[in-house]
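These notes concern the structure reproduced below.
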Amino acid sequence: MNVTIVDYNSGNISSVINSFTEVAKGTVNLEVTSDLNKIKSSDKVVLPGQGSFKSCIDALNSINGLIDTLDEFVINKKKPLFGICVGLQMFADVGYEETETKGLGWISGKVSKIDNKNGKYKLPHIGWNQINIVKDSKIFKDVGNNSHMYFVHSYEFIPEDKDLISATTDYSSKIVCSVEKDNIFGTQFHPEKSDKVGLKIISNFINL
Amino acid sequence: MLKNRIIPCLDVKNGRVVKGINFVDLKDAGDPVEQAKIYSDGGADEICFLDITASNENRDTIYNVVKETSKKCFVPLTVGGGVRSIDDIYKLLNCGADKVSINTAAVQNPSVVEESSKKFGSQCIVVAIDAKKKGDKWEIFTHGGRKETGINAIEFALKMEKSGAGELLVTSMDKDGTQSGYDIELMKNISENVNIPVIASGGVGTLDHLVDGIKSGASAVLAASIFHYGTYSVNQAKQYLASKDIPVRI
Chain A
5 MNVTIVDYNS GNISSVINSF TEVAKGTVNL EVTSDLNKIK SSDKVVLPGQ
55 GSFKSCIDAL NSINGLIDTL DEFVINKKKP LFGICVGLQM FADVGYEETE
105 TKGLGWISGK VSKIDNKNGK YKLPHIGWNQ INIVKDSKIF KDVGNNSHMY
155 FVHSYEFIPE DKDLISATTD YSSKIVCSVE KDNIFGTQFH PEKSDKVGLK
205 IISNFINL
Chain B
13 MLKNRIIPCL DVKNGRVVKG INFVDLKDAG DPVEQAKIYS DGGADEICFL
63 DITASNENRD TIYNVVKETS KKCFVPLTVG GGVRSIDDIY KLLNCGADKV
113 SINTAAVQNP SVVEESSKKF GSQCIVVAID AKKKGDKWEI FTHGGRKETG
163 INAIEFALKM EKSGAGELLV TSMDKDGTQS GYDIELMKNI SENVNIPVIA
213 SGGVGTLDHL VDGIKSGASA VLAASIFHYG TYSVNQAKQY LASKDIPVRI
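Chains A and B, in that order, are what the protein sequence lines are.
Numbers given in the working numbering equal positions in the first sequence, counted from 1, plus 4.
Numbers given in the working numbering equal positions in the second sequence, counted from 1, plus 12.
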């Protein structure tokens, strides 16, 4: 099996690479690339994302044909894709970080700043928070409800269809932290930095 | 609910772990990669490497340490010490650091904070503030606590928040190495004034000091000696905090 981590200059992806390498341990062929043909021929794709919504979308756009290739992979071929952090946020139609920016539009919804309740909640939301699993998701196999995951973000994805939400976390409100729509998976938290339970999620995705 | 973090810090010099008392009188005590793995297996919420004498010496050794650690530890890794430029930050992130802490450079050239948080995202930019009490105020020190700047710590904290820092790592130079507890007033003053998370550092000698640190408003507590010399394990510290009704990840 070929799993590709999309390397599109979206900031630091070493931790994503290290964690997938640890989980894959030679059983799957792991590629880290923006090569369109390699993405097309892979069985699964991981879309990381750090920095702002706008900077990530700009970075995707700066590689000619990348968004079309990802669209084809996800929408037409219906192959599994896993978005992490801003990688998940980009599934939305639109994001409001820095300036209004069009997203990939795979899951209807928007990305807006977490309400900090007049400074009562510090932002970024940094650290370990528990997830409330609200719907069975394939990536949560053998992951306990209320497991701790590592978060770093100031913006949240709000999908229109609430049935696509697989987990939330409590920080000022119930923040969406995991979605699943058919072959599309995403987590707002960082499984690659969430210790053993995070690696389990990565393993679940690889073994889908 | 968001948990308070416990962050063991490893002071590293020439690729080896040391822990200084008031930043001098160093003792060599181990391999940083191995130490970090022990901490992450023991429940550390994050690992911090501080390349303490990096401002003055060849620091290429830290890159290797970071590279090896990030292959074995799957919790966030923060690296600081001698970070001068966007290029230094890039190199550390590329080796597998999740966050980079900037101290002297943030004071001398605040645009480094602005530029790097734009380029890499605020989530990976930590500004380290070393402060010493002067009258009823706190003043910033740089170069590992050796150089006075005359800059007010609270004003500087606010400025760094505006510049795009994702977190502030606040160390009391008066308390560091004394094991007599954090400078609670300093932590309180800074966390009340900024809307980004504060990591309290400098002075931990007992588990109650960790409790006091969290109560002062810090989101995370950093400690070196009590963990490094095995006085307490990270897990013991967490159990103790939990017994005092402080939310931690267990």
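Ideal Cβ placement from N, Cα and C applies to all residues, glycine included.
- Of the residues A:E196, A:D140, A:V201, the one whose Cα lies closest to the Cα of A:I21 is A:E196.
- In the displayed model, B:V216 falls within coil according to three-state DSSP, outside both helix and strand.
- Chain order gives no chain A residues near B:G162, where near means a beta carbon separation below 7 Å; the closest approach is about 28 Å.
- Counted as a single uninterrupted DSSP element, the stretch harbouring B:G42 is not any beta strand (DSSP E), since DSSP gives it neither H nor E.
- Excluding five sequence positions before and after A:E184, the CB atoms of its chain that fall closer than 6 Å to its own CB belong to S141, S170, given in chain order.
- A:E160 is outside the set of residues whose beta carbon lies under 8 Å from a beta carbon in chain B.
- Residue A:I17 holds the alpha-carbon nearest to the alpha-carbon of B:F132 among A:S198, A:A28, A:I88, A:I17.
- Considered as a whole, the region 139-207 of chain B harbours 165-175, 196-205 as its complete alpha helix (DSSP H) runs of no fewer than 4 residues, in chain order.
- Using a Cβ-Cβ cut-off of 8 Å, B:G133 counts as an interface residue toward chain A, since at least one Cβ of chain A sits closer than that to its own.
- Assignment of beta strand (DSSP E) within the region 163-191 of chain A, counting only whole runs of 3 or more residues, yields 169-175, 177-185, 188-191 in chain order.
- Against chain B, a Cβ distance below 7 Å from A:K126 picks out N207, I208, P209, S231.
- For B:N201, no chain A residue has a C-beta closer than 7 Å to its own C-beta; the minimum C-beta separation is roughly 15 Å.
- No Cβ-Cβ contact shorter than 8 Å links B:I238 with B:L180.
- Bounds of any alpha helix (DSSP H) do not take in A:L108, whose DSSP letter is neither H nor E.
- Secondary-structure assignment with DSSP links A:S45 through no beta bridge to anything.
- Counting of Cβ neighbours within 10 angstroms places B:I19 among the buried residues, the total reaching 16 or more.
- In this chain, the alpha helix (DSSP H) harbouring B:Y252 covers 246-255.
- Under the DSSP assignment, B:T243 falls outside any beta strand (DSSP E); it carries neither an H nor an E label.
- Residues of the region 146-176 of chain B with a C-beta less than 8 Å from any C-beta of chain A: none at all.
- When A:K200, A:Y159, A:T172 are compared, the shortest CA-CA separation from A:Q134 is found for A:T172.
- Across the structure, B:A165 and B:C60 are spaced so that their CA atoms are roughly 22 Å apart.
- Here DSSP, grouped into helix, strand and coil, assigns A:F155 to strand.
- With respect to B:C21, B:A236 sits close: the two C-beta atoms are nearer than 8 Å.
- Contact between the region 146-165 of chain A and the region 110-126 of chain A is present: 3 or more CB-CB pairs across the two stretches fall below 8 Å.
- Counted as a single uninterrupted DSSP element, the stretch harbouring A:T103 is not any alpha helix (DSSP H), since DSSP gives it neither H nor E.
- Short of 6 Å from the beta carbon of B:E80, and not among the five residues preceding or following it, lie these beta carbons of its own chain, in chain order: V45.
- For B:V91, the beta-bridge partners assigned by DSSP are B:F61, B:V112.
- Using beta-carbon distances, B:P20 does not count as an interface residue toward chain A, since no partner is under 8 Å.
- In the three-state DSSP reduction, B:S123 falls in the helix class (H, G or I).
- Taking C-beta atoms as the reference points, B:A212 and B:N16 fail to come closer than 8 Å.
- At a Cβ-Cβ threshold of 8 Å, A:K126 and B:N115 do not count as neighbours.
- Only residues of its own chain outside the window of five on either side were considered, and among them G229 have a CB closer than 7 Å to the CB of B:E204, listed in chain order.
- Between A:G55 and A:S19, the C-beta spacing is not below 8 Å.
- The DSSP-derived three-state label of B:H221 is helix.
- Across the region 94-106 of chain B, CB contacts with chain A closer than 7 Å involve L105, N106, in sequence order along the chain.
- The continuous stretches of beta strand (DSSP E) do not include A:L127, and DSSP gives it neither H nor E.
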